[in-house]
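Visitor: Sending over a structure as structure tokens; questions will come in a sec.
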Amino acid sequence: MPYIVTEPCIQCKYTNCAAVCPVDAFREGPNFLTIDPNECIDCDACVSECPVEAIFPDDEVPEKWEYYIELNERLAEQWEDRVINETKDALPNADEWATKENKLSELQEEW
Numbered sequence: 004m005p006y007i008v009t010e011p012c013i014q015c016k017y018t019n020c021a022a023v024c025p026v027d028a029f030r031e032g033p034n035f036l037t038i039d040p041n042e043c044i045d046c047d048a049c050v051s052e053c054p055v056e057a058i059f060p061d062d063e064v065p066e067k068w069e070y071y072i073e074l075n076e077r078l079a080e081q082w083e084d085r086v087i088n089e090t091k092d093a094l095p096n097a098d099e100w101a102t103k104e105n106k107l108s109e110l111q112e113e114w
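Going by our numbering, the first residue of the sequence shown is number 4, and it counts up by one from there.
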């Protein structure tokens, strides 16, 4: 049961979660993080580190964000060479974006 990064991460990209991952399962995109389901060991360390509460076990993802289960898998493969395992500055205006909803159209898949 891997963990899934969902919509609240878009345009925020806080990286506290990636820094605590013991197996380097996080992948970095331009304005979103994803978790490689093949690397995730279900340790739960990342969940409490996410300030926007964007990370869920795959069987607890809210229905409105179930699309992110497949999206995490696809983007993890696409960004396989973009492992992130350290804290970086959040995106500019991350605090403003943190409370916005319906951000999927803002997701950037290409660097």
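Where is the CB? At the ideal position from N, CA and C, for every residue including glycine.
Which residues in the same chain as W68 place their Cβ atom closer than 6 Å to its Cβ, once the five residues preceding and following it in sequence are excluded?
Guide: Stepping through the sequence shown from its first residue, residue 68 is reached at position 65. Within the same chain, W68 has close Cβ partners T9, E10.
Visitor: Decide if E31 is buried, meaning its Cβ has at least 16 other Cβ atoms within 10 Å, or exposed.
Guide: In the sequence shown, counting from the first residue as 1, residue 31 sits at position 28. Buried, since its Cβ has 16 or more Cβ neighbours within 10 Å.
Visitor: What does DSSP give as the partner residue(s) for V86 in the beta ladder?
Guide: Residue 86 sits at position 83 when you count from the first residue of the sequence shown. Its beta-bridge partners are R30.
Visitor: Tell me the DSSP bridge mates of Y6?
Guide: Here residue 6 refers to the residue found at position 3 of the sequence shown. In DSSP, Y6 forms a bridge with P60.
Visitor: Secondary structure at I13, three-state DSSP: helix, strand or coil?
Guide: Sequence index remark: in the sequence shown, residue 13 carries index 10 (1-based). I13 falls in the coil class under three-state DSSP.
Visitor: Alpha carbons only, please: which of D27, Y6, Y70, L74 is nearest the one belonging to R85?
Guide: Here residue 85 is taken as the residue at index 82 of the sequence shown, counted from 1. When only C-alpha atoms are compared, the closest one is D27.
Visitor: Can you tell me whether DSSP reads I72 as helix, strand or coil?
Guide: The residue given as residue 72 occupies position 69 in the sequence shown. Helix.
Visitor: So, is P115 buried or exposed, given that buried needs 16 or more other C-beta atoms within 10 angstroms?
Guide: Outside the modelled stretch of the chain, which goes from 4 to 114, sits residue 115, for which no answer is possible.
Visitor: Using 10 angstroms around the beta-carbon of N96, count the other beta-carbons present and answer buried if the total reaches 16, otherwise exposed.
Guide: Taking the first residue of the sequence shown as position 1, residue 96 is located at position 93. When all chains shown are included, N96 counts as exposed.
Visitor: Check whether the Cβ of P33 lies closer than 8 Å to any heavy atom of the ligand NAD, and answer yes or no.
Guide: Among the ligands in the structure shown, none appear at all, so the ligand NAD cannot be discussed.
Visitor: Hey, out of A22, F35, P54, whose CA is closest to N75's CA?
Guide: On the sequence shown, position 72 is the one that residue 75 refers to. Nearest C-alpha to N75: F35.
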